[in-house]
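In my numbering, the protein residues as written are 1 to 367.
The beta carbon of each residue, even a glycine, is placed where N, CA and C say it ideally should be.
Computed from a predicted structure; not experimentally measured.
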Ligand SMILES: [Zn+2]
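Quick look at the structure:
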């Protein structure tokens, strides 16, 4: 037997199912609603956080923008300043360039003036030397030409031995020439005055007799002017521009100071300035080692004079040259007998200096 289900029952069942479904749906949708609400409120909180962060970021961005703007302005200012400085620098550079140019021109002018002054100084020395010489020259030599002539010359004094030499010359009534050393003369001005007062010529040799004077033209002329000044001071007269080089014009010692061509250049300059430098054509060789004794010195000088009727003889009045004062009387006596006339540079003439140049005794050219 089967269960008979009426339409009513069916309807009821359907309605119950419907109700059930509805209720379950209602429960479900309520639960969903509650969850969604919760989520929504969480989202809202998150959103408001994000909003806060966003507004913070906006503020920060604003600050950065302000800062960046101010940097931009500063950079622009710097650029402007840089441009201005560039221009200023350019102007200054131009100014410096102009000043440099002016300085160069001035330097050139100074150089030209220096050269002019040097040439004036050169001319002044030359004119002064010529004037002194003209005043110094004798118009006529004290000996007629054609006579045998000798100039006795003594270098490197004054020393004690000079006094002995002066005695011998006085005894034999002859006069001579003394090329003196300035620093010795300063110690014995009395000997220099006595020499001059007894009729001898006193001329410059060197102030120091130190070969370092041959380092440069300046060192040489400084030394020469110094000894000339010493003579001027002691005798009260400007000495003539006639001197003898320390070591002679052809000395080689100077090469280690001024070089190989120093004496050739110096002698040329000295001549151009109107000086006369006196060499010799007979030497007593009394500075050689060993020194000659009385007999040898007499022999050397007398043989040297042989066949020469125009002699400039070189001696050294230095204390250690003791043979000098023994040989000198013999030499003078013999030369007198041979007919020599004794001359000095004190009454020299231009013609005589010219003759000395021809004979290679004065202003010789040095190679
Ligand atoms: Zn000397």
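Open item on the list: I'd like to know whether the C-beta atoms of residue 238 and residue 132 end up nearer to each other than 7 Å.
Closed with: Walking along the chain shown from the start, residue 238 turns up at place 238. Walking along the chain shown from the start, residue 132 turns up at place 132. For residue 238 and residue 132, yes; Cβs fall inside 7 Å.
Task: beta-carbon residue 246 near ligand 1 non-hydrogen atom, thresh 6 Å - done: To locate residue 246, count along the chain shown from 1; it is residue 246. For ligand 1, at least one heavy atom lies less than 6 Å from the Cβ of residue 246.
Open item on the list: Once DSSP output is grouped into helix, strand and coil, what is the label at residue 345?
Closed with: As a first step, residue 345 must be located in the chain shown, where it is residue number 345. Residue state, collapsed to three classes: helix.
Task: Proximal residues to residue 76 (C-beta, below 6 Å), its chain only, five neighbours per side dropped - done: On the chain shown, position 76 is the one that residue 76 refers to. So no residue of the chain qualifies.
TODO: Please confirm whether residue 227 and residue 342 have their CB atoms less than 7 Å apart.
DONE: By one-based count along the chain shown, residue 227 stands at place 227. By one-based count along the chain shown, residue 342 stands at place 342. No, Cβ-Cβ distance for residue 227 and residue 342 is not below 7 Å.
Task: Neighbourhood of residue 155 by C-beta distance below 6 Å, restricted to the same chain and skipping five residues each side - done: What you label residue 155 is simply residue 155 of the chain shown in a count that begins at 1. Answer for residue 155: 179, 205 and 316, listed in chain order.
Open item on the list: Quick check on this structure: which residue in 58, 322, 90 and 357 has the alpha carbon closest to the alpha carbon of residue 164?
Closed with: Translated into the one-based positions of the chain shown, residue 164 becomes position 164. Measuring from the Cα of residue 164, the nearest candidate turns out to be 322.
TODO: Could you check what DSSP says for residue 154 in three-state terms: helix, strand or coil?
DONE: As a position in the chain shown, residue 154 is number 154, starting the count at 1. DSSP places residue 154 in strand when its eight states are reduced to three.
Open item on the list: If you measure between the beta carbons of residue 366 and residue 249, is that distance less than 7 Å?
Closed with: Taking the first residue of the chain shown as 1, we reach residue 366 at position 366. Taking the first residue of the chain shown as 1, we reach residue 249 at position 249. Yes, these two residues count as a Cβ contact at 7 Å.
- [ ] Go through the segment 306 to 345 residue by residue and report every complete run of the beta strand (DSSP E) that reaches 3 residues or more, in order.
- [x] 310 to 316 and 340 to 343
Open item on the list: Using only the alpha-carbon positions, how far apart do residue 345 and residue 151 sit?
Closed with: Residue numbering aside, residue 345 sits at position 345 when the chain shown is read from its first letter. Residue numbering aside, residue 151 sits at position 151 when the chain shown is read from its first letter. Looking at the two C-alpha atoms, the distance is approximately 8 Å.
- [ ] Using the Cα positions of residue 129 and residue 90, report the straight-line distance between them to the nearest angstrom.
- [x] Taking the first residue of the chain shown as position 1, residue 129 is located at position 129. Taking the first residue of the chain shown as position 1, residue 90 is located at position 90. Whole-angstrom Cα-Cα distance: 57 Å.
TODO: Using only alpha-carbon positions, find the residue among 328, 182, 158 and 217 that is nearest to residue 194.
DONE: Counting from 1 along the chain shown, the entry for residue 194 is found at position 194. The candidate whose alpha carbon is nearest that of residue 194 is 158.
Open item on the list: Can you give me the C-alpha to C-alpha distance between residue 74 and residue 60, rounded to a whole angstrom?
Closed with: In the chain shown, the residue the question calls residue 74 occupies position 74. In the chain shown, the residue the question calls residue 60 occupies position 60. Going from the Cα of residue 74 to the Cα of residue 60 covers about 21 Å.
Task: Host alpha helix (DSSP H) of residue 45 (start-end) - done: Position 45 of the chain shown, counted from the start, is the residue given in the question as residue 45. Taken as a continuous stretch (DSSP letters only), the alpha helix (DSSP H) holding residue 45 covers 7 to 136.
Open item on the list: Is it buried or exposed, residue 374, if we count other Cβ atoms within 10 angstroms and call 16 or more buried?
Closed with: Since the first residue of the chain shown is 1 and the last is 367, residue 374 is not available in this structure.
Task: Backbone CA spacing between residue 348 and residue 137 [nearest angstrom] - done: As a working note, residue 348 is residue 348 in the chain shown. As a working note, residue 137 is residue 137 in the chain shown. If I take the Cα positions, the gap works out to 6 Å.
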